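What follows is a set of notes on a single structure, which appears directly below.
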Amino acid sequence: MSEERSLNFIEQIVEEDIANGVNDGRVLTRFPPEPNGYLHIGHAKSIVLNFGLAQKYNGKTNLRFDDTNPVTEDTEYVESIKEDIRWLGFEWEKELYASDYFEQLYAFAVKLIEKGLAYVEDATAEQIAAAKGTPTVPGTPTPARSRSVAENLDLFARMRAGEFKDGEKTLRAKGDLAAPNMHMRDPLMYRIKHAHHHRTGDKWCIYPMYDFAHGQSDSIENITHSICTLEFIPHRPLYDWFIKELDIFPSRQYEFARLNLTYTVMSKRKLKQLVEEGHVRGWDDPRMPTISGLRRRGYTAASIRMLCERVGVQKRDNMIELGLLEFCIREELNKTANRVMAVLDPVKLVITNYPEGQVEELTAENNPEDENGGTRTLHFSNTLYIEREDFMENPPKKFFRLGPGNMVRLKNAYIIKGESFDKDADGNITTIYASYLPESKSGGDQSGLTVKGTIHWVSAAHAATAEVRIYDRLFTAENPAAEEGDFKSLINPDSLQVIEKAFVEPGLLQAKPGERFQFLRKGYFSVDPDSTPEKVVFNRTVTLKDAWAKESAKGK
RNA sequence: UGCCCAAUAGUAUAAUGGUAGUACGACAGAUUUUGGUUCUGUUUGUCUUGGUUCGAAUCCAGGUUGGGCAACCA
1057 MSEERSLNFI EQIVEEDIAN GVNDGRVLTR FPPEPNGYLH IGHAKSIVLN
1107 FGLAQKYNGK TNLRFDDTNP VTEDTEYVES IKEDIRWLGF EWEKELYASD
1157 YFEQLYAFAV KLIEKGLAYV EDATAEQIAA AKGTPTVPGT PTPARSRSVA
1207 ENLDLFARMR AGEFKDGEKT LRAKGDLAAP NMHMRDPLMY RIKHAHHHRT
1257 GDKWCIYPMY DFAHGQSDSI ENITHSICTL EFIPHRPLYD WFIKELDIFP
1307 SRQYEFARLN LTYTVMSKRK LKQLVEEGHV RGWDDPRMPT ISGLRRRGYT
1357 AASIRMLCER VGVQKRDNMI ELGLLEFCIR EELNKTANRV MAVLDPVKLV
1407 ITNYPEGQVE ELTAENNPED ENGGTRTLHF SNTLYIERED FMENPPKKFF
1457 RLGPGNMVRL KNAYIIKGES FDKDADGNIT TIYASYLPES KSGGDQSGLT
1507 VKGTIHWVSA AHAATAEVRI YDRLFTAENP AAEEGDFKSL INPDSLQVIE
1557 KAFVEPGLLQ AKPGERFQFL RKGYFSVDPD STPEKVVFNR TVTLKDAWAK
1607 ESAKGK
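For what it's worth, the working numbering labels the leading residue of the first sequence as 1057, then goes sequentially.
Shown next, in the form of structure tokens:
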């Protein structure tokens, strides 16, 4: 009752239908993936839409695998798709397969033949294409178009019986060869494929085409609102035509614009290529826009759902900025992720006036955004690691970190003042020396000083090591699919950086795969399934917003 | 070229004939033991030309631009 969110155009249609008593107000949607690849975030939009609509209007959603092409499909994909939908937080009413309807669809085809609305074609693919004409030139009938009903019935039965080779015959609908919509010019309904199907095995050698399977499957299930993407708009007249001529339940098709995200690709074909050619480590590589990739990267289901809700549902093509997805995950993790300190690019810091060998226990807040987040104990000593970028030999004015003579606070510990440093033969700083102010201890600061900067650290003697994988956008172009040439030439060569030995708080050794943390000042990280008890592996989900990075980039 | 779909700040999205609003971003400031968070403020928009109307982002017509379709893929 609280929010007054306006309805998207599909919700408006559904509400009108309910108001008009269409289907007695019943709402049944379906999510219909072809099991030939892994789900990506574009599918998430469809899932959130279909399942969300049903939830909102007291309906149900079926999961239906559109498995009408045996040569591309596999059970492996079926399993991953189910896992991903569940992970996103949705449960389907029925798990169904278009292949469950092969017998029924065959009967539908026979009915159309009997009505004189379908015929068995002898022509090859090339001949059919040639006879279809062009958008401006009407098609011409092939000789087979005038076959008798009896002959068509006989031939179609023999197609099913396996008397013909692949490509030798097809079943076509008798449409309108002059139709401006090319899909109505005698579209194919069945083709012969002597191929093993992942569910029906070798029972069938003829398989229905999308156009003769999808709408009919919707109808068989009594789907009320069949929601698909924009490219199926030209198929809708066919969808309606089959339903009308078959006189079956009138499911209705509605189309929305698919989700596009900057700096990635969203076509299954391209994603498959990235996997098969080894540009990424697999479908669940954390750089992939797949659901499994995003999950491994550390994205939560809620953040993906939030994105889908924020981008809305429309008919205009769109390109969503990756930044919006990042906003969604930061928004959630800021509230839920415990803060820890991790030094990714370490340099040694020695506190010259802190007694050698002394160890002090300090208290640190786990999450300032969470009152019940609790605290943990940190160990402090005279030798620490800090981030290399947190020290500058000649700091510019706005650099609020450590430098010779500069003061900075060590998070949860003391204020220190930079003194000197050692360099190796190559000019790299090897050790930084600083002094600390004993009266500036966190929680009971008596120093009266305020410093601009606070940096994170770990005690060298107490730190654990971990592998940290830093990810960046997979492509260098905003819209790789739109660029000239091979999209793979636009792959970002620096999309993965592996830090073999980062220093982290020792407590992190107990972290379990999937756990998420904020590495203070560095970003949100989640534990990768590659982790072992000996070596924890972290994936960087997303950086924190970084005002300093922006500021320092200005000078260049 | 034929048919179809679409067009509102940088990106998305609302306003359904009656004050063009919201979010993300950007910019500025305040707060801050994370250059994070939070808070405040600022900036930028109805593709175009006509028409209907007291009144048009919205309806109509023409144009422009972008996208889709012409697979034995889905």
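Glycine included, C-beta positions come from ideal geometry on N, C-alpha and C. Keep in mind the model is a prediction, meaning the values are calculated, not measured.
Sorted by chain position, which residues of the same chain lie with C-beta nearer than 6 angstroms to S1058's C-beta, five sequence neighbours on each side aside? Because S1058 sits at a pLDDT of 34, beneath the cut-off of 50, its placement in the model cannot be relied upon, and the following sentence gives the value as read from the coordinates. In its chain, beyond the 5 residues on either side, no residue has a beta carbon closer than 6 angstroms to the beta carbon of S1058.
So, does the segment 1199-1214 touch the segment 1169-1184, judging by three or more C-beta pairs under 8 angstroms? yes
Are F1573 and A1393 closer than 7 angstroms when you measure CB to CB? yes
Could you give the first and the last residue of the continuous beta strand (DSSP E) run that contains D1274? Looking at the DSSP string, D1274 is not in any beta strand (DSSP E); the run it does join, the alpha helix (DSSP H), is Y1266 to I1276.
Excluding five sequence neighbours on each side, which residues of the same chain lie with their C-beta closer than 8 angstroms to the C-beta of S1275? Taken in chain order, the residues that qualify are I1299, L1302, I1304, F1305, P1306 and S1307.
Note down the Cα distance separating S1491 from K1544, rounded to an integer number of angstroms. 52 angstroms
On the three-pair Cβ rule with 8 angstroms, is the segment 1367-1377 touching the segment 1431-1451? no
Nearest to V1127 by CA position, among L1564, Y1263 and Q1111, is which residue? For the set L1564, Y1263 and Q1111, the Cα lying nearest the Cα of V1127 is the one of Y1263.
Indicate the three-state DSSP secondary structure (helix, strand or coil) for L1208 in the structure shown. In the sequence as presented, Leu is not what sits at residue 1208; that position holds Asn. Look at N1208 here: in three-state DSSP terms it is helix.
Using the Cβ count rule (16 or more neighbours within 10 Å means buried), how would you classify V1134? buried
Beta-ladder partner(s) of V1524, from DSSP: In the DSSP output, where bridge partners are listed per residue, V1524 has I1555 and F1594.
Should V1369 be counted as a contact of the ligand FAD given a C-beta to heavy atom distance under 6 angstroms? Absence of the ligand FAD is noted for the structure shown, with no ligands found whatsoever.
Continuous alpha helix (DSSP H) stretch holding M1362: start and end: A1357 to V1367
Check for me: the alpha helix (DSSP H) holding Y1162 runs from which residue to which? Boundaries of the alpha helix (DSSP H) around Y1162: F1158 to E1170.
Please classify D1478: does DSSP put it in a helix, a strand, or coil? strand
What is the DSSP secondary structure of A1181, counted as helix, strand or coil? helix
What does the Cβ neighbour count give for N1118, buried or exposed, with the cut at 16 atoms within 10 Å? Counting Cβ neighbours within 10 Å, N1118 comes out buried, since at least 16 surround it.
Is F1268 buried or exposed, if buried means 16 or more other CB atoms sit within 10 Å of its CB? buried
Counting beta carbon pairs with one atom in the segment 1210-1228 and one in the segment 1275-1287, are three or more of them shorter than 8 angstroms? In this structure the segment 1275-1287 does not lie against the segment 1210-1228, because fewer than three pairs of beta carbons, one per stretch, are closer than 8 angstroms.
How close, in whole Å, do the beta carbons of H1270 and D1130 come, if the pair is a contact with beta carbons under 8 angstroms? Incorrect: roughly 20 angstroms between the Cβ atoms, too far for contact.
Which term fits A1217, buried or exposed, when burial requires 16 or more other beta carbons within 10 angstroms of its beta carbon? exposed
If we count the other Cβ atoms within 10 Å of its Cβ and call it buried at 16 or more, is R1061 buried or exposed? exposed
Pairwise C-alpha distance: W1260 and L1244: 17 angstroms
In DSSP terms, what A1490 is bridged to: I1407 and G1474
Near R1361, which residues of its chain fall below 8 angstroms by C-beta distance, leaving aside the five closest residues on each side in sequence? Closer than 8 angstroms at the Cβ level, and outside the excluded window around R1361, lie A1100, V1104, L1144 and G1145.
Taking the alpha-carbon positions, what's the V1331 to V1592 distance? 25 angstroms
For a test of the three-state rule: what should DSSP assign to H1291, helix, strand or coil? helix
Measuring CA to CA, which of Y1527, W1604, V1415 and F1436 is closest to K1508? W1604
Within a Cβ cutoff of 7 angstroms, which residues of the same chain sit near I1526, ignoring the five residues on either side of it in sequence? Here the set comprises Q1553, I1555 and R1596.
Looking only at its own chain, which residues have a Cβ that is under 6 angstroms from the Cβ of R1577, when we skip the five neighbours before and after it? H1512
Determine the burial state of T1180: buried for a count of at least 16 other Cβ atoms within 10 Å of its Cβ, exposed for fewer. exposed
Secondary structure at Y1133, three-state DSSP: helix, strand or coil? helix
Pick from K1391, E1495, V1070 and A1522: whose alpha carbon is nearest that of E1427? K1391
Close-in-space but distant-in-sequence residues of the same chain around T1532 (CB under 7 angstroms, 5 per side omitted): L1546 and N1548
Taking Cβ to Cβ, would you say T1356 is nearer than 7 angstroms to E1388? yes
Measuring straight from C-alpha to C-alpha, what distance separates N1535 and T1320? 7 angstroms
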